[in-house]
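Asks: Residue numbers (our numbering), protein chains in the order written: chain A, 10 to 346; chain B, 10 to 346; chain C, 10 to 346; chain D, 10 to 346.
A virtual CB, placed ideally from N, CA and C, is assigned to each residue, including glycine.
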């Protein structure tokens, strides 16, 4: 960390900064130029509070040299994390596809979809039992009944189940039924919830907030990791921009950036990113070409009857074709599907 | 609601839409032009699921004529809601100022600040006991001890207390100490939390998500109102944009827009919107001139020692000057301070 | 086009709208519901001015059924446009790669780069002679001398040349030297310039404004096409968002969206989109997988000495490896490179 | 300027940076810590090319201490610039209001509006003769005929005239008729145009690009100032965000920020910022309260017939009321109107 003093900072001001920094357990290395004085901070700079120092008299700016995340960083943990869910390995050579309906609506709908995605080659079954909806008047999911149906679908197909949890006290119940627990985009900075899933051992699929930076996503992963759960997958699902044509704007560069900065597996959600079923195919191809470790894709047997997100769900037939189309892309980047 | 059919929609497709709409409890009024067919939906269109209909064969687009919120809308409730907190009325002629430290750090810091803001003319005392922080390594607040200190500061100054709640199961405890309960920007779409505060009677200060539209803010208010709590204040606190100079970009137009669309009081948070103490003064003036019913402003006796948000906190002296400067602006728009 | 009248619109107001619409050369089809009246506009609705009608008393909203662009739309022109530049076909089965330095700096630098990209398999040579720079104190390009060097490099390598034009009166001079003329991101809505390049026959590479929607890009293409030049390529080069890690955010979904909405070839610029050379490879792969017809990539023999955009330029060796890596991706989507 | 070397930078790499910096005419001050080496650059750091240095082996990052603009900065020129247009002073104690139609449509429309805004107390007359429109099929303005009508309206009312120029070669013609020349939002980075208006002496109203940062706006002002024209006004007119309710999002904080960073007068355009006439009043009040030196407001006698931007134009009666309402706000911030 570097502290840049103002042009006319006095010796007293510099001395006050030195004292404060030393109280925080670090040391100062002084570099006095003709026009400005720069203080290099030596020691465990994570102990230094930027805002406190930044407000001191005579201080112009602070520059952090090191990134604020640690457990999620590749620097700290160079080797790729590979997460096991039953026999499936996420983050290894194989591209993993999670698929199923946005919301569990009925036994019939779920079993039909589960069998279809299994048959098309999906590796995990996704489905929402608790649905966060912007309107209090919209369908909010089947709740625990939905979880039971997901467990039943797992029995039927052998596919492990991914489902979302929305509040800390629900974590034990959801964990009882699910194999992978999803934190949704609106909860990426719900710190109580992050802490709660940090205390279990289930793999967590952490979705990027639709208006969160890459660094904030890694800081949220840090909450889970620092509570003891090392099984975190990062999910890019589109960010909010001024472009109205798609529901969100998929930040495709985030895939290689996350792979550079972190050792955690990276999953892409082309369904929520685009909001349009006919863009799911090209965007899925692009995601794998960019280095994603997996995809999470919405499939519904009759999208026009879906109680949530019908516009972005693929029909089983289209999903099957997509799985076939993705295979050569995976191979072109040296991976399997 | 209007359903616009595709250019070449068949009669069978139109018929299928009609049947689906009637199942949902509404009726169709057909308008067949040379180039396109338009279906007007008559009845309680809130029962119609846009996504289901939008995915049907032959359907091009849906257009909703009515807004999706109701209890929070001025159309439904033309008269301004005025919320009473002790003797203070929020949403009436008087501009209300809530002030205090970002986080409660110690008894000394809180009492000193509380007395200073009381002395400067603030109407409520704000202070965080539970702090949502992007880093798990940052100070997270004093917890229940912070709540106790806030209650003590209320005793000392007579100022009602505003403080944040972060998870549903904490609502009863926070409600025991606080007069007004704040939902923070990262929790605006934490629906479990919205439902929980909808079931109590305390006034709620609902902060706009930094990533949320005005309509989404009103939909989140709708969650609280539809659970039975009518005492909701809306808080504009800046949105995330590409401009890096300020922490967020205050959406000043949101103030008159919210006053047009809704009957709920509108509060502005210039401290979080700008992130810089020297912008708090001009932005506070602008907010009152634009029609805000109140302000929430961070004050700290020694900002350079603040454990959170020091860069945007005013010193008590500056806050006092601001209160004096705001008076003529309030009068210029026909209000008092 | 549909005109939605307000809830309580009077018959006189409806009649006034009818008269205005008929003056504009269209007709009205009235659909009177219980709660609202809807007017369908029949005829050439491009003659109707939305803003005029939208401001009339009693009018709530207008909804356009047809898109505002025509010559650039696939509806109007279903077959892909294939643009010939010498023997190169852009928009056909082959992926086309344009490569070279950001700015022409010297004969030595340009010839060295031109030979290197030719050798690696690039199809066109890019290079800026006039450089738009945000600071008046930065290097602004070699001007006409740069154009002469580009022509010389074409002689040397046989590669057609792409270069940018910045003002209408420079179009004839740039057209004399260049094979393809680029309109930069800051000039996407410089309508005088669009009209000027609409009057020549050279292929135009139209870059999306960093602040522009997909629809606005197509409207700007419409300016060129409606002036008589049918040889327009659209270039996605990243949009401005709140994410600071990359220079811009590549809107990968824009690739398939543009291919759906328009018949014009789509090129991606991974260098400007990311601003970081080590992201150019994964983002290039993703672009081809998403369906792009070509790439424009910055290469510099010594990026650390580049006078512009060194941070995002590939060294020739890296570019060569990229070209090899892209081949199997192109084949996986049924194309050649 | 500070150069932060990578953790493991070698002595050779540090030496290479030193040599390069010295070639650029600056010197290096070395500060070698245990974990990192920091190089302070001494001398005229504007000569140093960030990108070149940033790409050198062993370099981690560069941090500029000084801002990249100079002539427009308050540091360089502490006293407020006051621009005279006839008897009007812009940037002094008086708030200046520029008003008139978006586009000049006819003699009748312009004279009627000019008299009305003069009568209501406006200080300058605005009106577009050349209109940048996103569609090539929309009304593009009356051209030189529009300029002649503006000059005639000046004769009639005594109000100086503000109008836009769109291309470099039109500058002399527009300058012949206009008193103040406007650079529109889409041309803020049209550097040829900025240079052209930098060579005349007319006051320039430079509008912020709808997706440009505050720093970029000041850099564009720098283009004009460095070409010799010191009469530049900065105009905040809203930026593009994800919020769809208003046409743009007025960045109200930009007003005090620009006043802090620069000595140039700051004007706000509430009409384009909001796109809705009924928001012009509250947003105008807010702008003055925030410290703006003036406003530019669209007025049309019959907005429902306006050929451009009718939705955001005030009727003369409303404009008159607004001028009355603004007076006490101006006084509340110690200014006159």
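1. So, does the CB of residue 130 of chain A fall closer than 7 Å to a CB anywhere in chain C?
2. In whole angstroms, what is the alpha-carbon distance linking residue 171 of chain A and residue 214 of chain A?
3. Between residue 81 of chain D and residue 230 of chain D, is the Cβ-Cβ spacing less than 7 Å?
4. Under 9 Å between beta-carbons, which chain D residues line up against residue 159 of chain B? List them in chain order, please.
5. In angstroms, rounded to a whole number, what distance separates the CA positions of residue 37 of chain C and residue 49 of chain C?
6. Please name the residue in D:327, D:343, D:226 whose C-alpha comes closest to that of residue 298 of chain D.
7. Starting from residue 97 of chain D, trace the alpha helix (DSSP H) both ways and give me its first and last residue.
8. Measure the C-alpha to C-alpha separation of residue 84 of chain D and residue 53 of chain D and round it to an integer number of angstroms.
9. Residues of chain A with CB under 8 Å from residue 249 of chain D, in chain order?
10. Could you please tell me which residues of the stretch 170 to 187 of chain D, in chain order, have their CB closer than 9 Å to any CB of chain C?
11. Taking the beta carbon of residue 31 of chain B as the centre, do at least 16 other beta carbons fall within 10 Å, making it buried, or is it exposed?
12. DSSP state of residue 116 of chain A, grouped into three classes?
13. For the alpha helix (DSSP H) that residue 49 of chain B lies in, which residues bound it at each end?
14. Taking the C-alpha atoms as reference points, what is the distance between residue 12 of chain A and residue 21 of chain A?
15. Using a C-beta cutoff of 7 Å, does residue 201 of chain D count as contacting chain B?
16. If you run the structure through DSSP and keep just helix, strand and coil, what is residue 281 of chain C?
17. Kindly give me the distance between the Cβ atoms of residue 92 of chain B and residue 132 of chain B, rounded to whole angstroms, as I take these residues to be in contact under 8 Å.
18. Just verifying my parser: in three-state terms, what is the DSSP assignment at residue 63 of chain A?
19. So does the stretch 170 to 190 of chain A actually touch the stretch 160 to 169 of chain B, counting three or more Cβ pairs closer than 8 Å?
20. So, is residue 73 of chain B buried or exposed, given that buried needs 16 or more other C-beta atoms within 10 angstroms?
21. Starting from the Cα of residue 153 of chain B, find the closest Cα among B:167, B:137, B:144, B:236 and give me that residue.
22. Going along chain A, which residues have a C-beta under 9 Å from residue 30 of chain D?
23. Closest Cβ-Cβ distance between residue 254 of chain B and chain A: below 7 Å?
24. Mind reading off the beta-carbon distance from residue 216 of chain D to residue 246 of chain D? Whole number of angstroms is fine, and I expect it under 8 Å.
25. Using a Cβ-Cβ distance under 7 Å, would residue 325 of chain B count as near chain A?
26. Interface residues of chain C around residue 318 of chain A at Cβ under 8 Å?
27. Taking beta-carbon pairs under 7 Å, can you tell me which members of the stretch 283 to 295 of chain D lie near chain B?
28. Between residue 40 of chain A and chain D, is the shortest Cβ-Cβ distance under 7 Å, so that the two count as touching?
29. Relative to the C-alpha of residue 17 of chain B, which candidate in B:77, B:24, B:45, B:25 has its C-alpha closest?
30. Report yes or no: is there a C-beta of chain C within less than 7 Å of the C-beta of residue 135 of chain D?
31. Buried or exposed: residue 19 of chain B, going by 16 or more other Cβ atoms within 10 Å of its Cβ?
32. Can you tell me which of B:248, B:105, B:90, B:57 puts its alpha carbon nearest to the alpha carbon of residue 316 of chain A?
33. So for residue 124 of chain A, helix, strand or coil by DSSP?
34. Please compile the residues from chain B whose C-beta is within a distance smaller than 9 Å of the C-beta of residue 144 of chain A.
35. Among B:269, B:143, B:150, B:59, which one has its Cα closest to the Cα of residue 218 of chain A?
36. So is residue 106 of chain A in contact with chain D if we call contact Cβ pairs under 7 Å?
Replies: This is what the structure holds:
1. As a working note, residue 130 of chain A is residue 121 in the first chain. No, because no Cβ of chain C sits closer than 7 Å to the Cβ of residue 130 of chain A.
2. In the first chain, counting from the first residue as 1, residue 171 of chain A sits at position 162. In the first chain, counting from the first residue as 1, residue 214 of chain A sits at position 205. About 8 Å.
3. As a first step, residue 81 of chain D is located in the fourth chain; it is residue number 72 there, counting from the start. As a first step, residue 230 of chain D is located in the fourth chain; it is residue number 221 there, counting from the start. It is a contact, given that the beta carbons lie within the stated cut-off.
4. Locating residue 159 of chain B in the second chain gives position 150, counting from the first residue. Result: empty, since nearest Cβ-Cβ is about 30 Å, beyond 9 Å.
5. Translated into the one-based positions of the third chain, residue 37 of chain C becomes position 28. Translated into the one-based positions of the third chain, residue 49 of chain C becomes position 40. Using only the alpha carbons, I get a separation of about 6 Å.
6. If you number the fourth chain from 1, residue 298 of chain D lands on position 289. Selected option, being the one with the closest Cα: D:343.
7. Counting from 1 along the fourth chain, the entry for residue 97 of chain D is found at position 88. Note, residue 97 of chain D: premise wrong, no alpha helix (DSSP H); beta strand (DSSP E) at 97 to 99.
8. Against the fourth chain, residue 84 of chain D aligns to sequence position 75. Against the fourth chain, residue 53 of chain D aligns to sequence position 44. Going by the C-alpha atoms only, they are around 16 Å apart.
9. Residue 249 of chain D sits at position 240 when you count from the first residue of the fourth chain. Going along chain A in sequence order, the residues near residue 249 of chain D (Cβ under 8 Å) are 251.
10. 175, 176, 177, 178, 179
11. Translated into the one-based positions of the second chain, residue 31 of chain B becomes position 22. Residue 31 of chain B comes out exposed.
12. The sequence position of residue 116 of chain A within the first chain is 107, counting from 1. Note: residue 116 of chain A maps to helix in three-state DSSP.
13. What you label residue 49 of chain B is simply residue 40 of the second chain in a count that begins at 1. From DSSP, residue 49 of chain B is part of no alpha helix (DSSP H) but of the beta strand (DSSP E) over 46 to 51.
14. One-based indexing of the first chain puts residue 12 of chain A at position 3. One-based indexing of the first chain puts residue 21 of chain A at position 12. Spanning the two alpha carbons is a distance of roughly 15 Å.
15. Numbered from 1 along the fourth chain, position 192 holds the residue referred to as residue 201 of chain D. Answer no: the Cβ-Cβ gap between residue 201 of chain D and chain B never drops below 7 Å.
16. Position 272 of the third chain holds residue 281 of chain C. Three-state DSSP puts residue 281 of chain C in a helix.
17. The residue you call residue 92 of chain B lines up with position 83 of the second chain. The residue you call residue 132 of chain B lines up with position 123 of the second chain. Not quite, the Cβ-Cβ distance comes to about 12 Å (not below 8 Å), so this is no contact.
18. To locate residue 63 of chain A, count along the first chain from 1; it is residue 54. Residue state, collapsed to three classes: helix.
19. no
20. On the second chain, position 64 is the one that residue 73 of chain B refers to. Exposed: under 16 other Cβ atoms inside 10 Å.
21. Here the question's residue 153 of chain B lines up with position 144 in the second chain. That would be B:137, whose Cα lies nearest to the Cα of residue 153 of chain B.
22. On the fourth chain, residue 30 of chain D is found 21 positions in, with the first residue counted as 1. What residue 30 of chain D touches in chain A: nothing, since even the nearest Cβ is about 14 Å away.
23. As a position in the second chain, residue 254 of chain B is number 245, starting the count at 1. No - not a single Cβ of chain A is within 7 Å of the one on residue 254 of chain B.
24. Here the question's residue 216 of chain D lines up with position 207 in the fourth chain. Here the question's residue 246 of chain D lines up with position 237 in the fourth chain. The pair is a contact, with the Cβ atoms about 5 Å apart (cut-off 8 Å).
25. To locate residue 325 of chain B, count along the second chain from 1; it is residue 316. It does not; no Cβ of chain A falls within 7 Å.
26. As a working note, residue 318 of chain A is residue 309 in the first chain. What residue 318 of chain A touches in chain C: nothing, since even the nearest Cβ is about 17 Å away.
27. 283, 288, 291, 292, 294, 295
28. The residue given as residue 40 of chain A occupies position 31 in the first chain. Chain D contact via Cβ: present.
29. The count along the second chain starts at 1 and reaches residue 17 of chain B at position 8. Comparing Cα-Cα distances from residue 17 of chain B to each of B:77, B:24, B:45, B:25, the minimum goes to B:45.
30. Locating residue 135 of chain D in the fourth chain gives position 126, counting from the first residue. Answer no: the Cβ-Cβ gap between residue 135 of chain D and chain C never drops below 7 Å.
31. Mapped onto the second chain, residue 19 of chain B falls at position 10. Per the 10 Å Cβ criterion, exposed.
32. Position 307 of the first chain, counting from 1, holds the residue named residue 316 of chain A. Nearest C-alpha to residue 316 of chain A: B:57.
33. Taking the first residue of the first chain as 1, we reach residue 124 of chain A at position 115. Reduced to three states, the DSSP call for residue 124 of chain A is helix.
34. Counting from one through the first chain, the residue named residue 144 of chain A turns up at place 135. The contacting residues are 55, 77, 78, 228, 231, 232.
35. As a position in the first chain, residue 218 of chain A is number 209, starting the count at 1. Looking at the Cα atoms, B:143 is the closest of the given residues.
36. The residue labelled residue 106 of chain A in the question sits at position 97 within the first chain. No, residue 106 of chain A lies away from the interface with chain D (no Cβ there is under 7 Å from its Cβ).
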